[in-house]
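Using the numbering used here, the letters of the sequence shown correspond one by one to residues 7 to 97. Data first, discussion second: the structure below is written as structure tokens.
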Amino acid sequence: MLLKYGANPNAVWKGEAHTLIPLGATPLMVQRYDDTNLIKTLLKHGADPQARCTQGRTALDYAKDAAGHPQVIGNEAVAKCVTILEKVTKV
Numbered sequence: 007m008l009l010k011y012g013a014n015p016n017a018v019w020k021g022e023a024h025t026l027i028p029l030g031a032t033p034l035m036v037q038r039y040d041d042t043n044l045i046k047t048l049l050k051h052g053a054d055p056q057a058r059c060t061q062g063r064t065a066l067d068y069a070k071d072a073a074g075h076p077q078v079i080g081n082e083a084v085a086k087c088v089t090i091l092e093k094v095t096k097v
């Protein structure tokens with residue numbers, strides 16, 4: 007993984023705003039919300055769960071949106087991702 011070689015886990019998306027990638031998003035905000043290992047890896051390497059995109063939203067906000075999507079309601083992995091982010095995010 008790139009993090010192993012010093013990639014910035016808080017790199018900010020500076021390209022065009024996209025429906026799936028908001029301007030100012032970090033990897034923690036745009037990763038798949040059913041991959042608990044990826045969330046843990048990003049956090050372990052210093053990803054900031056408090057970071058906000060230009061819309062003022064955090065990774066937890068996006069994870070909660072994903073958990074409420076009709077295609078994933080009841081998906082245990084998505085719920086675990088929300089729980090992980092809730093534990094590390096100061097509300």
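All C-beta atoms, glycine included, are put in the ideal place defined by N, C-alpha and C.
Exercise for the section: Would you kindly report the start and end of the unbroken alpha helix (DSSP H) that includes valine 94? Expected result: 82-94
Problem - Closest Cα partner of lysine 10 within the set Gln61, Leu49 and Asp40 - result: Leu49
Handout entry: Span separating the alpha-carbon of alanine 53 from that of lysine 20
Key = CA-to-CA, the gap between alanine 53 and lysine 20 works out to about 17 Å.
Practice task
Could you tell me which of Leu91, Ala72 and Glu92 sits nearest to leucine 26, measuring between CA atoms?
Solution key: Ala72
Handout entry: 8 Å contact criterion, which threonine 40 and alanine 83 should meet: CB distance rounded
Key = Per the sequence shown, the amino acid found at residue 40 is aspartate instead of threonine. Contact flag correct, Cβ pair sits at about 4 Å.
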